[in-house]
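Take a look at the structure below.
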Amino acid sequence: MPWRADALQAGFTAEGAEPWLPIEQTHRALAVDVQWRDPASMLRFCQQWLSWRRLHPQLRAGQIRFLPAPPGVLLLERGWGSDRVEGACADTVQPLRLAFNLTSVAQHVVMNMPKRRMLSGKM
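Rendered as structure tokens:
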């Protein structure tokens with residue numbers, strides 16, 4: 018991960034050292050210092066997700082059950098006692114339409130990827 022957008026080798030190489038691989042210039046926009054300033058960045062999303070996860074034992078230590086899903090989608094349920102959390106993750110950059118039969122106590126999306134829109138429970 019690039020650390021500083023304006024640093025030599027984006028922060029990977031110490032001053033005076035010879036880099037062994039070049040840093041692609043397009044990666045500078047993904048540097049930690051750039052993402053830190055953007056509340057919709059992937060870095061900030063991951064920080065928020067991890068903070069939220071720490072609050073829920075079913076996500077940290079609960080039983081896991083994988084649910085049937087279309088190709089490219091991971092559906093799972095985590096449980097701790099009587100509490101359940103259902104989650105979905107797609108491994109594509111293309112938009113997907115997915116329908117979920119959520120339990121009555123979990124009919125909302127808690128977290129969504131940055132810069133994605135939710136309309137009527139659809140991502």
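Okay, so the sequence shown: first residue is 18 according to our numbering, each after it adds one.
For glycine and all other residues, C-beta sits at the position ideal for the given N, C-alpha and C.
Remember, it's a predicted structure, so these values are computed and weren't measured experimentally.
Problem - Burial state of residue 114, where buried means 16 or more other Cβ atoms lie within 10 Å - result: By 1-based counting over the sequence shown, the position of residue 114 is 97. Burial call: exposed.
Handout entry: Length of the line joining the Cα atoms of residue 47 and residue 73
Key = Along the sequence shown, one-based indexing puts residue 47 at 30. Along the sequence shown, one-based indexing puts residue 73 at 56. Roughly 30 Å separates the two Cα atoms.
Problem - Range covered by the beta strand (DSSP E) that runs through residue 20 - result: Along the sequence shown, one-based indexing puts residue 20 at 3. Run containing residue 20: none; DSSP gives neither H nor E here.
Handout entry: residue 106 versus residue 45: straight-line alpha-carbon distance, rounded
Key = Along the sequence shown, read from residue 1 onward, the residue named residue 106 stands at position 89. Along the sequence shown, read from residue 1 onward, the residue named residue 45 stands at position 28. Going by the C-alpha atoms only, they are around 27 Å apart.
Exercise for the section: Would you mind stating whether residue 77 and residue 70 have Cβ atoms separated by less than 9 Å? Expected result: For this step, residue 77 is matched to residue 60 along the sequence shown. For this step, residue 70 is matched to residue 53 along the sequence shown. Cβ atoms of residue 77 and residue 70: closer than 9 Å.
Handout entry: Which listed residue (94, 104 and 90) has its alpha carbon closest to that of residue 112
Key = Here the question's residue 112 lines up with position 95 in the sequence shown. Its Cα nearest to that of residue 112, the residue 90 stands out among 94, 104 and 90.
Handout entry: Where residue 135 sits in the DSSP three-state scheme
Key = Stepping through the sequence shown from its first residue, residue 135 is reached at position 118. Because residue 135 sits at a pLDDT of 44, beneath the cut-off of 50, its placement in the model cannot be relied upon, and the point is left open.
Handout entry: Buried/exposed call for residue 19, threshold 16 Cβ in 10 Å
Key = Locating residue 19 in the sequence shown gives position 2, where the first residue counts as 1. When all chains shown are included, residue 19 counts as buried.
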